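Sequential numbering of the sequence shown, starting at 1, is according to the UniProt record's numbering. Each residue gets a CB set at the ideal place from its N, CA and C atoms; glycine is no exception. Quick caveat: nothing in here was measured; it's all calculated off a predicted structure. Inspection log for the structure reproduced underneath, given as C-alpha coordinates.
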Amino acid sequence: MAAPWTSKRKLICAQIFDFDVETTLVFENYKRRRDSTYDPDYGKLCDLEEVFDRPSCNLSQIFTTTLDVIYENNGHILQSLRDQEWLTDGYELFAAAIQAKGAALANCWGFIDGTVRPMCRPQEGQQVCYNGHKRTHALKYQSITAPNGLIANMFGPVEGSRHDSALLRMSGIILELSEIQINGEQGCIYGDPAYPLRPEIQVPFRNPTPDQQMFNASMSAVRISVEWTFGKIVENFAFLDYKKNHKLCLQPIGKMYLVAALLVNCHTCLYGSETTDFFHIDPPSLEEYLQYYDYE
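Structure, rendered in C-alpha coordinates:
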(Lines of atoms letter the chains of each structure in order from A and count residues from 1; the text may use other names and numbers.)
(Lines give C-alpha, C1' and ligand atoms only; values in the text may rest on other atoms or scores of the structure.)
Protein backbone atom coordinates (compact mmCIF):
# COMPACT_ATOMS: atom_id res chain seq x y z
CA MET A 1 0.00 0.00 0.00
CA ALA A 2 1.26 3.42 -0.88
CA ALA A 3 2.12 5.95 1.80
CA PRO A 4 -1.05 7.69 3.00
CA TRP A 5 0.24 11.15 2.11
CA THR A 6 1.77 11.36 -1.35
CA SER A 7 3.18 14.59 -2.76
CA LYS A 8 0.00 14.96 -4.82
CA ARG A 9 -2.15 14.73 -1.70
CA LYS A 10 0.04 17.21 0.15
CA LEU A 11 -0.29 19.70 -2.70
CA ILE A 12 -4.07 19.33 -2.82
CA CYS A 13 -4.28 19.78 0.95
CA ALA A 14 -2.22 22.98 0.78
CA GLN A 15 -4.23 24.37 -2.14
CA ILE A 16 -7.64 23.72 -0.62
CA PHE A 17 -7.06 24.33 3.08
CA ASP A 18 -4.11 26.74 3.13
CA PHE A 19 -1.93 24.47 5.30
CA ASP A 20 0.24 21.44 4.69
CA VAL A 21 0.08 18.12 6.45
CA GLU A 22 3.35 18.39 8.37
CA THR A 23 2.33 21.65 10.05
CA THR A 24 -1.07 20.41 11.19
CA LEU A 25 -1.19 20.53 14.98
CA VAL A 26 -3.10 18.20 17.26
CA PHE A 27 -3.82 20.26 20.33
CA GLU A 28 -3.39 18.59 23.67
CA ASN A 29 -6.86 19.58 24.84
CA TYR A 30 -8.40 18.02 21.73
CA LYS A 31 -6.91 14.55 22.07
CA ARG A 32 -9.61 12.06 22.96
CA ARG A 33 -9.70 8.59 24.43
CA ARG A 34 -10.88 5.99 21.94
CA ASP A 35 -14.10 5.54 23.94
CA SER A 36 -14.85 9.27 24.00
CA THR A 37 -15.74 10.85 20.66
CA TYR A 38 -17.93 13.69 21.87
CA ASP A 39 -17.10 16.75 23.91
CA PRO A 40 -20.02 18.99 24.97
CA ASP A 41 -17.71 22.00 24.83
CA TYR A 42 -17.27 21.54 21.07
CA GLY A 43 -20.83 21.16 19.83
CA LYS A 44 -20.57 23.61 16.93
CA LEU A 45 -17.97 24.60 14.37
CA CYS A 46 -17.73 28.05 15.93
CA ASP A 47 -16.68 26.36 19.18
CA LEU A 48 -13.70 24.87 17.34
CA GLU A 49 -12.42 28.16 15.95
CA GLU A 50 -10.22 28.79 18.97
CA VAL A 51 -8.99 25.19 19.03
CA PHE A 52 -7.78 25.17 15.42
CA ASP A 53 -7.27 28.91 14.98
CA ARG A 54 -9.43 28.92 11.87
CA PRO A 55 -12.80 30.51 11.06
CA SER A 56 -15.82 28.23 11.04
CA CYS A 57 -16.24 28.70 7.27
CA ASN A 58 -12.82 27.08 6.73
CA LEU A 59 -13.65 24.29 9.14
CA SER A 60 -16.91 23.68 7.30
CA GLN A 61 -15.02 23.45 4.01
CA ILE A 62 -12.55 21.00 5.52
CA PHE A 63 -15.41 18.88 6.87
CA THR A 64 -17.30 18.84 3.56
CA THR A 65 -14.21 18.04 1.49
CA THR A 66 -13.16 15.26 3.86
CA LEU A 67 -16.69 13.87 3.67
CA ASP A 68 -16.51 13.85 -0.13
CA VAL A 69 -13.07 12.19 -0.20
CA ILE A 70 -14.13 9.38 2.14
CA TYR A 71 -17.37 8.76 0.26
CA GLU A 72 -15.85 8.86 -3.22
CA ASN A 73 -12.99 6.51 -2.29
CA ASN A 74 -14.78 4.11 0.04
CA GLY A 75 -18.53 4.43 -0.45
CA HIS A 76 -18.59 1.39 -2.74
CA ILE A 77 -17.76 -0.87 0.22
CA LEU A 78 -21.30 -0.43 1.56
CA GLN A 79 -22.98 -0.74 -1.83
CA SER A 80 -22.32 -4.38 -2.74
CA LEU A 81 -21.93 -7.75 -1.06
CA ARG A 82 -19.66 -8.97 -3.83
CA ASP A 83 -15.86 -8.84 -3.97
CA GLN A 84 -15.31 -8.30 -0.24
CA GLU A 85 -13.10 -11.10 1.02
CA TRP A 86 -13.97 -10.63 4.69
CA LEU A 87 -17.61 -11.20 3.73
CA THR A 88 -17.45 -13.84 1.01
CA ASP A 89 -15.09 -15.97 3.11
CA GLY A 90 -17.19 -15.61 6.25
CA TYR A 91 -20.75 -16.68 5.45
CA GLU A 92 -20.47 -20.18 6.92
CA LEU A 93 -18.69 -18.84 10.01
CA PHE A 94 -21.39 -16.20 10.49
CA ALA A 95 -24.19 -18.76 10.15
CA ALA A 96 -22.53 -21.08 12.67
CA ALA A 97 -22.10 -18.22 15.16
CA ILE A 98 -25.74 -17.18 14.86
CA GLN A 99 -26.94 -20.75 15.33
CA ALA A 100 -24.62 -21.18 18.31
CA LYS A 101 -26.51 -18.36 20.06
CA GLY A 102 -29.72 -20.38 19.82
CA ALA A 103 -31.11 -19.36 16.43
CA ALA A 104 -33.40 -21.90 14.78
CA LEU A 105 -32.01 -21.28 11.30
CA ALA A 106 -28.74 -22.96 10.29
CA ASN A 107 -28.26 -20.97 7.08
CA CYS A 108 -28.83 -17.43 8.38
CA TRP A 109 -25.69 -15.30 8.09
CA GLY A 110 -26.98 -11.77 8.85
CA PHE A 111 -29.87 -9.44 9.55
CA ILE A 112 -31.74 -6.80 7.57
CA ASP A 113 -33.58 -3.78 8.90
CA GLY A 114 -34.55 -0.25 7.99
CA THR A 115 -33.88 2.85 10.02
CA VAL A 116 -35.64 6.22 10.00
CA ARG A 117 -33.43 9.29 10.45
CA PRO A 118 -35.48 12.38 11.38
CA MET A 119 -34.76 15.77 9.81
CA CYS A 120 -36.20 19.27 9.63
CA ARG A 121 -39.40 19.71 7.69
CA PRO A 122 -38.26 20.39 4.11
CA GLN A 123 -39.59 23.29 2.09
CA GLU A 124 -40.46 20.94 -0.77
CA GLY A 125 -41.53 17.31 -0.78
CA GLN A 126 -42.95 17.41 2.74
CA GLN A 127 -45.51 14.69 2.09
CA VAL A 128 -43.13 12.14 0.57
CA CYS A 129 -40.58 12.72 3.33
CA TYR A 130 -43.10 12.32 6.15
CA ASN A 131 -42.93 9.03 8.04
CA GLY A 132 -46.33 8.31 9.55
CA HIS A 133 -45.06 5.63 11.92
CA LYS A 134 -42.48 7.91 13.54
CA ARG A 135 -44.56 11.05 12.89
CA THR A 136 -41.63 13.03 11.58
CA HIS A 137 -40.03 14.09 8.33
CA ALA A 138 -37.15 11.77 7.66
CA LEU A 139 -34.88 9.86 5.34
CA LYS A 140 -34.73 6.06 5.43
CA TYR A 141 -31.89 3.59 5.02
CA GLN A 142 -31.74 -0.18 4.67
CA SER A 143 -28.92 -2.03 6.36
CA ILE A 144 -27.66 -5.61 6.34
CA THR A 145 -25.43 -6.43 9.29
CA ALA A 146 -23.16 -9.39 9.98
CA PRO A 147 -22.44 -11.01 13.37
CA ASN A 148 -18.89 -9.64 13.32
CA GLY A 149 -20.39 -6.21 13.99
CA LEU A 150 -19.97 -4.77 10.49
CA ILE A 151 -22.57 -3.24 8.23
CA ALA A 152 -22.22 -5.41 5.14
CA ASN A 153 -24.55 -3.31 2.98
CA MET A 154 -26.39 -0.01 3.33
CA PHE A 155 -28.89 1.40 0.84
CA GLY A 156 -30.30 4.90 0.92
CA PRO A 157 -31.24 7.54 1.56
CA VAL A 158 -34.82 7.42 0.29
CA GLU A 159 -37.92 9.37 1.25
CA GLY A 160 -39.16 8.72 4.76
CA SER A 161 -42.61 7.63 3.56
CA ARG A 162 -41.22 4.55 1.81
CA HIS A 163 -42.03 1.11 3.24
CA ASP A 164 -39.21 -1.27 4.14
CA SER A 165 -40.31 -3.63 1.37
CA ALA A 166 -40.00 -0.76 -1.12
CA LEU A 167 -36.41 -0.14 -0.02
CA LEU A 168 -35.69 -3.83 -0.53
CA ARG A 169 -37.03 -3.70 -4.07
CA MET A 170 -35.26 -0.44 -4.91
CA SER A 171 -31.92 -1.66 -3.58
CA GLY A 172 -31.79 -4.64 -5.94
CA ILE A 173 -29.96 -6.60 -3.25
CA ILE A 174 -32.05 -9.76 -3.76
CA LEU A 175 -29.93 -10.80 -6.75
CA GLU A 176 -26.74 -10.64 -4.70
CA LEU A 177 -28.39 -12.47 -1.79
CA SER A 178 -29.49 -15.27 -4.13
CA GLU A 179 -25.84 -15.99 -4.98
CA ILE A 180 -24.86 -16.81 -1.39
CA GLN A 181 -24.53 -20.50 -0.53
CA ILE A 182 -23.96 -21.89 2.96
CA ASN A 183 -23.04 -25.57 3.25
CA GLY A 184 -24.71 -26.26 -0.08
CA GLU A 185 -27.93 -24.44 0.83
CA GLN A 186 -29.31 -21.06 -0.08
CA GLY A 187 -28.01 -18.60 2.50
CA CYS A 188 -30.47 -16.18 4.03
CA ILE A 189 -30.78 -13.09 6.19
CA TYR A 190 -33.48 -12.49 8.79
CA GLY A 191 -35.78 -9.48 8.99
CA ASP A 192 -38.96 -8.25 10.61
CA PRO A 193 -42.49 -8.92 9.23
CA ALA A 194 -42.26 -5.83 6.99
CA TYR A 195 -40.17 -7.86 4.54
CA PRO A 196 -41.55 -10.46 2.12
CA LEU A 197 -40.81 -14.12 2.84
CA ARG A 198 -38.31 -15.42 0.30
CA PRO A 199 -35.61 -18.11 0.20
CA GLU A 200 -33.06 -15.30 0.67
CA ILE A 201 -34.98 -13.51 3.45
CA GLN A 202 -36.69 -15.21 6.36
CA VAL A 203 -39.21 -13.44 8.59
CA PRO A 204 -41.25 -14.31 11.71
CA PHE A 205 -44.32 -16.53 11.43
CA ARG A 206 -47.66 -14.74 11.54
CA ASN A 207 -50.30 -16.20 13.89
CA PRO A 208 -47.72 -18.73 15.06
CA THR A 209 -48.30 -22.14 16.57
CA PRO A 210 -46.41 -22.95 19.80
CA ASP A 211 -43.50 -24.41 17.80
CA GLN A 212 -43.47 -21.39 15.50
CA GLN A 213 -43.49 -19.11 18.54
CA MET A 214 -40.30 -20.79 19.70
CA PHE A 215 -38.80 -20.20 16.25
CA ASN A 216 -39.76 -16.52 16.35
CA ALA A 217 -38.34 -16.10 19.84
CA SER A 218 -35.02 -17.74 18.97
CA MET A 219 -34.54 -15.52 15.92
CA SER A 220 -35.68 -12.35 17.67
CA ALA A 221 -33.05 -12.90 20.36
CA VAL A 222 -30.23 -12.75 17.81
CA ARG A 223 -31.78 -10.18 15.46
CA ILE A 224 -31.54 -7.51 18.19
CA SER A 225 -27.91 -7.09 17.17
CA VAL A 226 -28.93 -5.02 14.14
CA GLU A 227 -30.32 -2.38 16.51
CA TRP A 228 -26.98 -2.25 18.34
CA THR A 229 -25.28 -1.36 15.07
CA PHE A 230 -27.70 1.49 14.33
CA GLY A 231 -27.22 2.69 17.89
CA LYS A 232 -23.45 2.73 17.55
CA ILE A 233 -23.69 5.14 14.62
CA VAL A 234 -25.53 7.85 16.55
CA GLU A 235 -23.55 7.09 19.70
CA ASN A 236 -20.29 7.90 17.94
CA PHE A 237 -21.71 10.71 15.79
CA ALA A 238 -24.22 12.41 18.06
CA PHE A 239 -24.94 15.26 15.63
CA LEU A 240 -26.70 12.73 13.39
CA ASP A 241 -29.34 12.41 16.09
CA TYR A 242 -30.09 16.15 16.17
CA LYS A 243 -32.80 16.64 13.58
CA LYS A 244 -33.06 20.43 13.98
CA ASN A 245 -29.70 20.74 12.26
CA HIS A 246 -30.52 18.32 9.43
CA LYS A 247 -31.77 20.44 6.56
CA LEU A 248 -32.47 18.72 3.27
CA CYS A 249 -30.95 20.48 0.22
CA LEU A 250 -28.83 22.68 2.51
CA GLN A 251 -26.61 19.91 3.89
CA PRO A 252 -25.43 16.54 2.53
CA ILE A 253 -27.30 14.75 5.32
CA GLY A 254 -27.61 11.50 3.38
CA LYS A 255 -23.90 11.37 2.65
CA MET A 256 -23.10 12.21 6.27
CA TYR A 257 -25.01 9.17 7.53
CA LEU A 258 -23.42 6.84 4.97
CA VAL A 259 -19.91 8.06 5.80
CA ALA A 260 -20.67 7.72 9.51
CA ALA A 261 -21.71 4.10 8.91
CA LEU A 262 -18.45 3.48 7.07
CA LEU A 263 -16.40 5.07 9.86
CA VAL A 264 -18.27 3.06 12.48
CA ASN A 265 -17.29 -0.07 10.57
CA CYS A 266 -13.68 1.11 10.73
CA HIS A 267 -14.05 1.70 14.47
CA THR A 268 -15.42 -1.83 14.88
CA CYS A 269 -12.44 -3.24 12.96
CA LEU A 270 -10.11 -1.53 15.45
CA TYR A 271 -11.97 -1.94 18.73
CA GLY A 272 -14.82 -4.42 18.26
CA SER A 273 -18.40 -3.79 19.31
CA GLU A 274 -21.28 -5.12 21.37
CA THR A 275 -22.19 -7.37 18.45
CA THR A 276 -18.71 -8.90 18.15
CA ASP A 277 -18.73 -9.63 21.88
CA PHE A 278 -22.19 -11.20 21.67
CA PHE A 279 -21.41 -13.57 18.79
CA HIS A 280 -17.71 -14.03 19.65
CA ILE A 281 -16.53 -13.25 16.13
CA ASP A 282 -13.64 -10.90 15.46
CA PRO A 283 -14.04 -8.35 12.67
CA PRO A 284 -11.41 -8.13 9.93
CA SER A 285 -8.42 -5.86 10.38
CA LEU A 286 -8.80 -2.31 9.15
CA GLU A 287 -6.39 -3.08 6.30
CA GLU A 288 -8.48 -6.06 5.21
CA TYR A 289 -11.70 -4.06 5.35
CA LEU A 290 -10.30 -1.15 3.31
CA GLN A 291 -8.49 -3.42 0.87
CA TYR A 292 -9.63 -1.46 -2.17
CA TYR A 293 -8.62 1.99 -0.96
CA ASP A 294 -6.43 3.80 -3.50
CA TYR A 295 -4.42 6.58 -1.89
CA GLU A 296 -3.14 7.71 -5.27
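Nearest neighbour of P196, chosen from L168, A217, Q213 and A100 [CA to CA]:
Working through the sequence shown from its first residue, we reach residue 196 at position 196. Minimum Cα-Cα distance from P196 among the listed residues L168, A217, Q213 and A100 corresponds to L168.
For Y242, three-class secondary structure by DSSP
The residue given as residue 242 occupies position 242 in the sequence shown. Three-state result, Y242: coil.
Residue range of the alpha helix (DSSP H) that C188 falls in?
Walking along the sequence shown from the start, residue 188 turns up at place 188. Looking at the DSSP string, C188 is not in any alpha helix (DSSP H); the run it does join, the beta strand (DSSP E), is C188 to Y190.
Residues sharing a beta bridge with S143, DSSP
Within the sequence shown, residue 143 is the residue found at index 143, counting from 1. In DSSP, S143 forms a bridge with D113 and M154.
According to DSSP, simplified to helix, strand and coil, what is T136?
By one-based count along the sequence shown, residue 136 stands at place 136. In the structure shown, T136 sits in a strand (DSSP, three-state: E or B).
Identify every residue that forms a DSSP beta bridge with F224.
Position 224 of the sequence shown, counted from the start, is the residue given in the question as residue 224. The sequence as given places Ile at residue 224; Phe does not occur at that position. Paired residue(s): none; I224 is not in a bridge.
So, residue 297 versus W109, is the Cβ gap smaller than 8 Å?
Any property of residue 297 remains undetermined from this structure, which presents the chain solely from 1 to 296.
Does DSSP put I62 in a helix, a strand or coil?
Residue numbering aside, residue 62 sits at position 62 when the sequence shown is read from its first letter. In this structure, I62 counts as helix in the three-state DSSP scheme.
Can you give the beta carbon distance from N245 to I151, rounded, assuming they're within the 8 Å contact cut?
Here residue 245 corresponds to residue number 245 of the sequence shown, with the count starting at 1. Here residue 151 corresponds to residue number 151 of the sequence shown, with the count starting at 1. With a Cβ gap of about 24 Å, N245 and I151 do not count as contacting.
Does the Cβ of T66 have 16 or more other Cβ atoms within 10 Å, making it buried, or fewer, making it exposed?
Translated into the one-based positions of the sequence shown, residue 66 becomes position 66. It is exposed - the Cβ of T66 has fewer than 16 other Cβ atoms within 10 Å.
Out of curiosity, what's the CA-to-CA distance linking Y289 and S60?
Here the question's residue 289 lines up with position 289 in the sequence shown. Here the question's residue 60 lines up with position 60 in the sequence shown. If I take the Cα positions, the gap works out to 28 Å.
Kindly indicate the opening and closing residues of the alpha helix (DSSP H) around Q127.
Here residue 127 is taken as the residue at index 127 of the sequence shown, counted from 1. Q127 -> alpha helix (DSSP H) spans Q126 to C129.
Taking the alpha-carbon of A221 as reference, which of D164, L175 and I98 has the nearest alpha-carbon?
For the purposes of this step, residue 221 is taken as residue 221 along the sequence shown, with counting starting at 1. Selected option, being the one with the closest Cα: I98.
Restricting to Cα atoms, I'd like to know which of Q202, N74, S273 and I281 is closest to K232.
As a first step, residue 232 is located in the sequence shown; it is residue number 232 there, counting from the start. Comparing Cα-Cα distances from K232 to each of Q202, N74, S273 and I281, the minimum goes to S273.
I281 in three-state terms, based on DSSP:
Along the sequence shown, one-based indexing puts residue 281 at 281. The three-state reading of DSSP puts I281 in coil, since its state is none of H, G, I, E or B.
Suppose contacts are defined by Cβ-Cβ distances below 8 Å. Is residue 328 in contact with L177 by that definition?
As shown, the chain starts at 1 and ends at 296. That puts residue 328 outside it, with no answer to give.
Less than 7 Å between the CB of N131 and some heavy atom of the ligand GDP, yes or no?
The ligand GDP is not part of this structure, which contains no ligands at all.
Just mark N74 as buried or exposed, buried being the case when its beta carbon has 16 or more other beta carbons within 10 Å.
Residue mapping note: residue 74 aligns to position 74 of the sequence shown, counting from 1. By the neighbour-count rule (16 or more Cβ atoms within 10 Å), N74 is buried.
Pop quiz: I174 and I189 are said to be a contact at Cβ under 8 Å. What is the actual Cβ separation, rounded to whole angstroms?
As a first step, residue 174 must be located in the sequence shown, where it is residue number 174. As a first step, residue 189 must be located in the sequence shown, where it is residue number 189. I174 to I189, Cβ: 11 Å. No contact.
Hey, would you say L248 sits closer than 8 Å to P122, going by beta carbons?
Within the sequence shown, residue 248 is the residue found at index 248, counting from 1. Within the sequence shown, residue 122 is the residue found at index 122, counting from 1. Yes.
Quick check: what's the CA-CA separation for T276 versus F94?
Locating residue 276 in the sequence shown gives position 276, counting from the first residue. Locating residue 94 in the sequence shown gives position 94, counting from the first residue. Roughly 11 Å separates the two Cα atoms.
Is Q213 helix, strand or coil when you go by DSSP?
Position 213 of the sequence shown, counting from 1, holds the residue named residue 213. The answer is helix: DSSP assigns Q213 an H, G or I state.
Between the beta-carbon of V203 and the beta-carbon of G187, is there less than 8 Å?
Stepping through the sequence shown from its first residue, residue 203 is reached at position 203. Stepping through the sequence shown from its first residue, residue 187 is reached at position 187. No. Outside cutoff.
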